[in-house]
Amino acid sequence: MIKDQIPLFIPIGNFSDHCNSLDGRKLLPLIHLIQEMELRFYKTEKFLGIHDLSGITLNAIGLNGIHVKLLDAVLKLRLVPLFDWLSWKTEAERYYQDPSLLIGSDTVTLGKVMTVLLRSQTIYGPSFLESKIKDRFVLTLLKAIVHSLDQSSISGYLNTDIVD
3 MIKDQIPLFI
13 PIGNFSDHCN
23 SLDGRKLLPL
33 IHLIQEMELR
43 FYKTEKFLGI
53 HDLSGITLNA
63 IGLNGIHVKL
73 LDAVLKLRLV
83 PLFDWLSWKT
93 EAERYYQDPS
103 LLIGSDTVTL
113 GKVMTVLLRS
123 QTIYGPSFLE
133 SKIKDRFVLT
143 LLKAIVHSLD
153 QSSISGYLNT
163 DIVD
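Taking my numbering, I'd label the letters of the sequence shown as residues 3 to 166.
Structure follows, in structure tokens:
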């Protein structure tokens, strides 16, 4: 007996409805990632005095394996819409340059950014995702996604003011 497989990528037209169906408990893996990243960045800055993370490894920060956790959480929640991501690469690069644009963005835009981010390994190389983790872009994106998905359901789970 072959089980029906759930497609990994959701068609862009159905993506908003899918995101609206996610409740606060389903978002816990993203929230845990946010908390883990904030704690590690805080410790690296305050205790090790390192502010520029570009020259050190994720292991030195205490985030070894974080990219696997990120992929697992994002793909299980199906937060990657299906669309022509290459045509949207320039738009995503605008967000890479100014991550503050992510805050307050709609779920479809954030999903597009996530899709381009994850698929950009083929364009920019295998260290691209690591660089976006270390420059805190991924952290900002995750916070924006959680905020946009279900602000009221997660208010008890997430404290985004952990880091100064």
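Ideal Cβ positions, reconstructed from N, Cα and C, are used throughout, including at glycine. None of the values given here were measured: they were computed from a predicted structure.
Figure out for me which residue from H34, F43, K114 and P128 has the closest Cα to the Cα of R80.
Here residue 80 refers to the residue found at position 78 of the sequence shown. For R80, the nearest C-alpha among the options comes from K114.
Looking only at its chain, what residues have a beta carbon closer than 8 Å to the beta carbon of I125, apart from the 5 residues adjacent to it on each side?
The residue you call residue 125 lines up with position 123 of the sequence shown. K91, listed in sequence order.
Among the residues of its own chain, which have a CB less than 7 Å from the CB of E47, if the five just before and after it don't count?
The residue you call residue 47 lines up with position 45 of the sequence shown. Taken in chain order, the residues that qualify are H53.
Taking Cβ to Cβ, would you say L36 is nearer than 8 Å to F85?
Residue mapping note: residue 36 aligns to position 34 of the sequence shown, counting from 1. Residue mapping note: residue 85 aligns to position 83 of the sequence shown, counting from 1. According to the sequence displayed, residue 36 carries Ile and not Leu. Taking 8 Å as the Cβ cut-off, I36 and F85 do not qualify as a contacting pair.
Between which two residues does the alpha helix (DSSP H) harbouring V110 extend?
The residue you call residue 110 lines up with position 108 of the sequence shown. Note, V110: alpha helix (DSSP H), T109 to R121.
Taking Cβ positions only, does R138 come closer than 8 Å to chain D?
Of the protein chains in the structure, only one exists, and it is not chain D.
Give me the residue from K136, G127, W87 and D25 with the minimum Cα distance to T111.
Residue 111 sits at position 109 when you count from the first residue of the sequence shown. It is W87 whose Cα lies nearest to the Cα of T111.
Is I14 helix, strand or coil by DSSP?
What you label residue 14 is simply residue 12 of the sequence shown in a count that begins at 1. Looking at I14 - three-state DSSP - the assignment turns out to be helix.
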